[in-house]
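From first to last, the protein sequence lines are chains A and B. To get our numbering, take the position in the first sequence, counting from 1, and add 111. To get our numbering, take the position in the second sequence, counting from 1, and add 111.
2 protein chains.
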Amino acid sequence: MIDKNSKLPIYCQIEDYIKAQIKSKEFDVDTMIPSERELIEMLNVSRHTIRQAIGNLVNEGYLYRLAGKGTFVKDRHLIYKENKYTSFTEDMEQLGKKLFSKVLSFDIVNASESLSNTLSVNENDPVIRVSRVRIADNVPLSYEIFYISKELVGDMDKSVLEGSLIDYYEKVLKLKLDHSFETIESIAADQKTSEILETNINAPLLLIRSKLYMENGKQLHYVKNYFRGDQYRVNIRLKR
Amino acid sequence: MIDKNSKLPIYCQIEDYIKAQIKSKEFDVDTMIPSERELIEMLNVSRHTIRQAIGNLVNEGYLYRLAGKGTFVKDRHLIYKENKYTSFTEDMEQLGKKLFSKVLSFDIVNASESLSNTLSVNENDPVIRVSRVRIADNVPLSYEIFYISKELVGDMDKSVLEGSLIDYYEKVLKLKLDHSFETIESIAADQKTSEILETNINAPLLLIRSKLYMENGKQLHYVKNYFRGDQYRVNIRLKR
DNA sequence: GAGTGGTCTAGACCACCCC
DNA sequence: GGGTGGTCTAGACCACTCC
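Quick look at the structure:
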């Protein structure tokens with residue numbers, strides 16, 4: 112069951128084991144899984160290792176613990192990839208849609224005061240400003256304007272902008288992304304945006320402003336994204 | 112520094128200690144905090160306890176670890192209560208606004224097929240359906256329709272509906288809330304909604320559908336909430 | 001080679017739940 | 001009183017980074 116010589120850590124093997132038992136209904140919803148002491152006997156590992164595995168599964172929503180009673184399988188009908196930052200390209204791939212980006216503009220500007228605050232660069236620092244439309248299956252989904260410090264990415268080839276920026280950050284620049292802050296609001300399309308997105312004027316749009324941060328806590332880019340309300344929605348999971 | 116006789120667990124005290132050091136710039140951004148072995152000496156506790164505290168602070172975004180190098184303070188300009196499910200009442204309290212709820216309707220209906228799927232009850236089970244307007248500082252913010260299985264809450268006093276439902280669940284019914292799934296989209300106000308929210312027809316609204324779950328994974332309620340786009344926005348944090 | 005975080009063991013005592 | 005998870009100790013070996 113557990114291979115102590117595997118290069119996969121034991122606690123990961125235990126996680127996989129428990130997930131498999133849940134999947135096969137061996138450990139069923141709302142029933143108690145074997146206690147930590149029982150698992151020690153069954154799997155021949157220390158309590159700390161068991162607790163490490165169970166703790167991770169609790170955080171991921173597979174199990175819940177009741178002190179003094181036991182550890183139970185959680186009833187979870189749903190998805191599990193919530194609250195993950197994903198690139199739009201990845202989202203569309205998962206939906207089986209082919210994404211295409213049309214670059215509308217590409218400039219290097221000097222940071223205004225307000226931009227220098229939002230993007231955490233110094234005022235007048237050179238900033239790359241790009242606007243593009245993102246089109247899936249011939250329908251325009253979003254009009255996007257993003258800003259990134261020129262210092263961080265140097266010279267960007269324009270062809271990069273037709274693909275996934277996230278891919279470029281991670282695979283080409285080898286940056287370690289960590290998280291993003293997003294602000295979501297509902298607005299009405301103005302003249303220009305409605306033309307770009309091929310909607311009526313005043314059509315409802317989701318405006319999502321996003322700040323993307325790296326592992327060391329430094330900001331990477333700032334994006335304003337106007338999504339067509341009839342084409343896009345956001346799913347999130349909130350923890351009490 | 113560390114009180115081993117305190118009823119507050121040692122690892123919590125260590126977390127508080129490290130947070131305080133960060134706040135006072137004693138541990139500063141991007142610099143290494145004392146190594147785990149050094150902290151063992153400094154605080155006179157075991158390595159496991161140190162790691163427990165540091166692990167929690169990493170999860171909360173205060174620190175980041177680099178294997179072979181050390182543990183560093185993360186540069187975080189921002190808020191920390193992201194991705195928490197909060198009641199609307201709590202949100203408004205934090206903004207210093209006084210929230211008032213006006214109940215528009217209160218019915219007991221039999222679950223339709225689609226509702227029984229959304230709310231995970233059986234078809235034709237009795238369901239409480241309430242609609243209300245939520246008003247802060249005399250401005251209508253949201254029009255809300257919520258559904259809850261009658262079996263779960265029994266007879267609800269109508270006065271409960273003028274206050275915070277979440278409070279009622281937690282403090283009166285002693286239910287343990289765990290998480291919610293939310294779907295956010297942008298729509299245009301129809302005739303009825305625009306009248307209730309005192310907006311123009313076709314005004315942009317945030318429609319947020321929310322399913323609230325308890326610790327055992329069972330669903331508690333389903334809510335459709337229409338927020339005025341000019342009055343409300345959503346902030347979230349996504350992890351890569 | 002010295003220092004770091006990552007993993008793991010073998011114990012211990014506690015508060016809480018249930019019978 | 002016996003079982004559960006929650007906390008804590010005192011060790012150990014590993015892979016990795018940096019010099």
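By construction, the Cβ of each residue, glycine as well, lies at the ideal position given by its N, Cα and C atoms. None of the values given here were measured: they were computed from a predicted structure.
{"Item": "Cross-strand partners of HIS159(A) (DSSP beta bridge)", "Value": "In the DSSP output, where bridge partners are listed per residue, HIS159(A) has none listed."}
{"Item": "N- and C-terminal bounds of the alpha helix (DSSP H) containing ALA247(A)", "Value": "Counting along the chain, ALA247(A) falls outside any alpha helix (DSSP H), though it belongs to the beta strand (DSSP E) covering 237-247."}
{"Item": "Touching by the beta-carbon criterion (3+ pairs, under 8 Å), the stretch 298-308 of chain B and the stretch 321-334 of chain A", "Value": "no"}
{"Item": "Within chain A, the residues that THR294(B) reaches when beta carbons sit closer than 9 Å", "Value": "ARG344, VAL345, ASN346, ILE347"}
{"Item": "Other residues of its chain near THR142(A): CB distance less than 8 Å, five sequence neighbours each side excluded", "Value": "PHE183, VAL184"}
{"Item": "Beta carbon proximity, PRO315(B) to chain A, threshold 7 Å", "Value": "yes"}
{"Item": "8 Å contact criterion, which VAL264(A) and LEU284(A) should meet: CB distance rounded", "Value": "7 Å"}
{"Item": "LYS282(A) versus SER275(A) - alpha carbon distance", "Value": "11 Å"}
{"Item": "Residue-level contact to chain B via CB, LYS192(A), 7 Å cutoff", "Value": "Any answer about LYS192(A) is weak, because its pLDDT of 47 lies below 50 and its placement is not dependable; what the coordinates show is given next. Output row for LYS192(A): interface = no."}
{"Item": "LEU308(A) vs SER291(B) beta-carbon contact at 7 Å", "Value": "no"}
{"Item": "Top-ranked residue by Cα proximity to SER225(B), from ASP236(B), PHE217(B), ASP114(B)", "Value": "ASP236(B)"}
{"Item": "Alpha carbon of LEU286(B) to alpha carbon of ASN336(B), nearest angstrom", "Value": "22 Å"}
{"Item": "Contact the stretch 128-148 of chain B vs the stretch 340-347 of chain A: 3+ CB pairs below 8 Å", "Value": "no"}
{"Item": "Chain B within 7 Å of ASP186(A), Cβ atoms only", "Value": "yes"}
{"Item": "Inter-residue CB distance, ILE295(B) and LEU317(B) (contact presumed, cutoff 8 Å)", "Value": "6 Å"}
{"Item": "Contact set between the stretch 276-290 of chain B and chain A, restricted to residues whose Cβ is under 7 Å from the partner", "Value": "LEU288, ASP289, HIS290"}
{"Item": "Closest Cα partner of GLU255(B) within the set LYS303(B), ASP289(B), ILE165(B), ASN221(B)", "Value": "LYS303(B)"}
{"Item": "For LEU215(B) and ARG243(B), believed in contact at Cβ under 8 Å, the rounded distance", "Value": "6 Å"}
{"Item": "Selected residue, minimal CA-CA separation from TYR333(B), among VAL241(B), LYS269(B), ASP202(B)", "Value": "VAL241(B)"}
{"Item": "Neighbour list for ASN233(B) in chain A, Cβ cutoff strictly below 9 Å", "Value": "Within 9 Å Cβ-Cβ: nothing; ASN233(B) doesn't reach chain A, min ~15 Å."}
{"Item": "Contacting residues, own chain, Cβ-Cβ under 7 Å from TYR128(A) (five flanking each side not counted)", "Value": "MET112"}
{"Item": "LYS350(B) at chain A interface by Cβ criterion, 7 Å", "Value": "yes"}
{"Item": "Interface flag, GLU326(A) vs chain B, CB-CB below 7 Å", "Value": "yes"}
{"Item": "First through last residue of the beta strand (DSSP E) which encompasses ASN346(B)", "Value": "345-350"}
{"Item": "N-terminal and C-terminal residue of the beta strand (DSSP E) that ASP289(A) is part of", "Value": "288-299"}
{"Item": "Neighbour list for GLY340(A) in chain B, Cβ cutoff strictly below 7 Å", "Value": "GLU296, SER297, ILE298"}
{"Item": "7 Å Cβ shell around MET203(B) - same chain, five flanking residues per side excluded", "Value": "LEU210, ALA247"}
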